[in-house]
Ligand SMILES: [Fe+2]
Ligand SMILES: [Fe+2]
Ligand SMILES: [Fe+2]
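Chains as they are written, first to last, in the working numbering: chain V, 1 to 267; chain F, 1001 to 1318.
What follows is the structure, encoded as structure tokens:
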């Protein structure tokens, strides 16, 4: 095994500043997949069709698996002895760095599918590129999760088409979901200071290079779904810098309940 | 010598049963055998699906990421079990839609155990350990049940149920070795789930009208009381290992029968829950009905889209 390329060995050569940047970024990715995985897991047992109940649980499981690898790596980057659970369960909403999109409530099945579709395309193209990161930690996690993300994108793209080109009711619902959620798509590609610095150092891609790929996929799927890509929508942002919608606080209250009620115990 | 042609269909069927030859979907079978199987398999499928609810209740509150992933994956397995079982029942000529309609109208039953609430995290441990444990006790003999598709579905189901039981036991063990508050949580969950779990084996043999015929047809291999006894004998040492007290003052070891004597199940409670008066009967059913009704437009859209596709394909061909 090439020790230079194992995550732990690579960390020895990083400056403290680079480690902080990579920590912040890894944490942001982990928060994102955790919050979306958590939201999807709320569907479990309540899906519209048994097969889709299974599919959503599958995607949630993939995202939670990715979350765990990311938090474990973040904890290593930080080097302060925190664990994956410390990072997930003992941070306040303002410390969470996920984009606003993923914390939006499930709504109806159309809302969930639209939220997933907007995210999946971003996730897919990001992971595709991150596999080539010079940071072996991120590259390794991206390589593993990329296969899963391709399946997620396939699932949500197919449902966008079914609902868009299904019945009048499904069309009305998916259009409503689109108008609810499109305003959260811009934040995915708006780079934070951390992201800009990492992109400059070529550790992560420039999101301006991902965006056209994502737009092309959205346009293709929407055309088949007979949906129009919204134009000139004001884009909400803030999640990636800790300014969230009101929904996140409730989500974390539930997620963190036992760890907060019984501090310091093993479960 | 008698030839196959001389035998009636019924004789052939009985001969297969006697010789442990599996009955397959296309084989002739007595109408009552078919009915019994549809009732039992669909009831089992419904139990898997309704059973997702009490445990699903804790997915969003699981205390660690590892536990969250394990629990979500377990509840997902139950959905998978429901799916195989519905498919097995469909081979007998009843559609999944019909079975679900019967569940929602109250005509079909599901295991009463799922009409009890999950009040603390320890309930997730207790359910995995006790309820999946009882399910295994009930289902392992079904691997040898006379109807082929049911027997085959059970092979995979049982394998997964034993994972679930181990995971449940592990949760209980962590709690029992943890802080006093955790141990208390574990004991309380055990107290609440022990008796309802014993009820999972069904009424006493003397009051189980279907048992005799089901045993003759080799759908069932052991009686309710036999399975209940085996379960108690298996679980008491495990409870002792965990340091938990079995909530039964009549529990004593009986050397002569090489098993435990145990107190009488509260049959009044059992029948009450069967009749719909358990703490969660109304909630469980209305949750299922709500998911189904709210999903109607999704199923319609999927169907409409598939039809549009097929039509476009046909036009292209023409
Ligand atoms: Fe199951
Ligand atoms: Fe089961
Ligand atoms: Fe199970």
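Heads up, the beta-carbon is just placed ideally off N, CA and C, and yes, glycines get one too.
Inspect the beta-carbon positions of residue i and residue j and report whether they are closer than 9 Å.
| i | j | result |
| --- | --- | --- |
| residue 1200 of chain F | residue 1112 of chain F | yes |
| residue 1126 of chain F | residue 1079 of chain F | no |
| residue 113 of chain V | residue 159 of chain V | yes |
| residue 40 of chain V | residue 56 of chain V | yes |
| residue 53 of chain V | residue 145 of chain V | no |
| residue 1214 of chain F | residue 1020 of chain F | no |
| residue 1130 of chain F | residue 1058 of chain F | no |
| residue 1045 of chain F | residue 1089 of chain F | yes |
| residue 51 of chain V | residue 1083 of chain F | yes |
| residue 120 of chain V | residue 1064 of chain F | no |
| residue 11 of chain V | residue 197 of chain V | no |
| residue 1114 of chain F | residue 1284 of chain F | yes |
| residue 1017 of chain F | residue 1216 of chain F | yes |
| residue 1039 of chain F | residue 1151 of chain F | no |
| residue 1297 of chain F | residue 173 of chain V | yes |
| residue 1133 of chain F | residue 1231 of chain F | yes |
| residue 258 of chain V | residue 1121 of chain F | yes |
| residue 148 of chain V | residue 17 of chain V | no |
| residue 1036 of chain F | residue 1210 of chain F | yes |
| residue 1148 of chain F | residue 1023 of chain F | yes |
| residue 1041 of chain F | residue 1085 of chain F | yes |
Here's a check: name, in chain order, each residue in its chain whose Cβ is nearer than 7 Å to the Cβ of residue i, leaving out the five neighbours to either side.
| i | result |
| --- | --- |
| residue 3 of chain V | In this prediction, residue 3 of chain V scores a pLDDT of 49, lower than 50, which makes its location untrustworthy; the coordinate-derived value is nonetheless stated afterwards. So the list reads 9, once near-sequence residues are dropped. |
Who are the Cβ neighbours of residue i in its own chain at under 6 Å, not counting the five residues just before and after it?
| i | result |
| --- | --- |
| residue 242 of chain V | 94 |
| residue 109 of chain V | 48 |
| residue 1139 of chain F | 1154 and 1158 |
| residue 1249 of chain F | none |
| residue 1001 of chain F | Confidence at residue 1001 of chain F is low in this model, with a pLDDT of 48, below 50, so its placement is unreliable and no value can be given for it. |
| residue 1034 of chain F | 1092 |
| residue 1123 of chain F | 1189 |
| residue 188 of chain V | 99 and 122 |
| residue 239 of chain V | 98, 99 and 100 |
| residue 1245 of chain F | none |
| residue 199 of chain V | 206 |
| residue 1103 of chain F | 1046 |
| residue 191 of chain V | 207 |
Below 7 Å on C-beta distance, what does residue i contact in chain F?
| i | result |
| --- | --- |
| residue 49 of chain V | 1295, 1298 and 1299 |
| residue 163 of chain V | 1301 |
| residue 151 of chain V | Going along chain F, no residue has its Cβ under 7 Å from residue 151 of chain V, so there is no contact; the nearest lies around 15 Å. |
| residue 53 of chain V | 1079 |
| residue 28 of chain V | The premise fails here: residue 28 of chain V is roughly 17 Å from chain F at the closest Cβ pair, so nothing lies under 7 Å. |
| residue 257 of chain V | 1061 |
Note down, in chain order, each residue of its chain lying with its Cβ closer than 8 Å to the Cβ of residue i, except the 5 sequence neighbours on either side.
| i | result |
| --- | --- |
| residue 179 of chain V | 230 |
| residue 224 of chain V | 161, 164 and 165 |
| residue 68 of chain V | 84 |
| residue 1218 of chain F | 1017, 1020, 1144, 1145 and 1146 |
| residue 226 of chain V | 164, 165 and 171 |
| residue 105 of chain V | 39, 111 and 247 |
| residue 1 of chain V | Caution is warranted here: a pLDDT of 45 is assigned to residue 1 of chain V, below 50, making its placement in the model unreliable, and the coordinate value is therefore given only provisionally. Counting only Cβ-Cβ distances below 8 Å, and skipping sequence neighbours, we find nothing. |
In the DSSP output, what is residue i paired with across the bridge?
| i | result |
| --- | --- |
| residue 1253 of chain F | F:1260 |
| residue 1023 of chain F | F:1147 |
Quick one: which chain V residues come within Cβ less than 7 Å of residue i?
| i | result |
| --- | --- |
| residue 1056 of chain F | 44 and 45 |
| residue 1068 of chain F | 64 |
| residue 1174 of chain F | 266 and 267 |
| residue 1304 of chain F | 166 and 167 |
Comparing the CB of residue i with every heavy atom of ligand 5, is any distance shorter than 8 Å?
| i | result |
| --- | --- |
| residue 38 of chain V | Looking for ligand 5 in the displayed structure turns up nothing; the ligands present are ligand 1, ligand 2 and ligand 3. |
Show which residues of chain F have a CB atom less than 8 Å away from the CB atom of residue i.
| i | result |
| --- | --- |
| residue 67 of chain V | 1065 |
| residue 169 of chain V | 1297, 1300 and 1301 |
| residue 254 of chain V | 1060 and 1061 |
Using the beta-carbon of each residue, which ones in chain B are nearer than 7 Å to residue i?
| i | result |
| --- | --- |
| residue 38 of chain V | Looking for chain B here will not work: the only protein chains present are V and F. |
How would you list, in chain order, the residues of chain F whose beta-carbon sits under 9 Å from the beta-carbon of residue i?
| i | result |
| --- | --- |
| residue 265 of chain V | 1063, 1178, 1179, 1181 and 1182 |
| residue 86 of chain V | Per Cβ cutoff of 9 Å: no residues; residue 86 of chain V is ~10 Å from chain F at best. |
| residue 12 of chain V | Ordered by position in chain F, no residue passes the 9 Å Cβ test against residue 12 of chain V, which lies about 27 Å from the chain. |
Run through chain V and tell me which residues come within less than 8 Å of residue i, C-beta to C-beta.
| i | result |
| --- | --- |
| residue 1075 of chain F | 44, 45 and 57 |
| residue 1082 of chain F | 50 |
| residue 1072 of chain F | 41, 44, 57, 60, 61 and 64 |
Using a C-beta to C-beta distance shorter than 9 Å, which residues of chain V count as neighbours of residue i?
| i | result |
| --- | --- |
| residue 1308 of chain F | 165 and 166 |
| residue 1053 of chain F | 45 and 46 |
| residue 1271 of chain F | The contacting residues do not exist; residue 1271 of chain F stays about 27 Å from chain V at best. |
**Message:** Count Cβ pairs between the region 110–126 of chain V and the region 258–267 of chain V that sit closer than 8 Å; are there 3 or more?
**Reply:** Cβ pair count under 8 Å is below three, so no.
**Message:** Across the region 142–153 of chain V and the region 165–175 of chain V, are there enough close Cβ pairs to call them in contact, namely three or more that are closer than 8 Å?
**Reply:** no
**Request:** Check whether the region 1258–1271 of chain F touches the region 1067–1081 of chain F, counting contact only when three or more Cβ pairs, one atom from each stretch, lie closer than 8 Å.
**Result:** Judged by pairs of C-beta atoms under 8 Å, the region 1258–1271 of chain F does not touch the region 1067–1081 of chain F, as fewer than three such pairs exist.
**Message:** Would the region 1224–1243 of chain F count as touching the region 1046–1056 of chain F if we require 3 or more Cβ pairs under 8 Å?
**Reply:** Contact between the region 1224–1243 of chain F and the region 1046–1056 of chain F is absent, with fewer than three C-beta pairs closer than 8 Å.
**Message:** Three Cβ pairs or more, each shorter than 8 Å: is that satisfied between the region 209–220 of chain V and the region 76–94 of chain V?
**Reply:** no
**Message:** I want to know whether the region 198–215 of chain V touches the region 18–37 of chain V - three or more CB-CB distances under 8 Å.
**Reply:** yes
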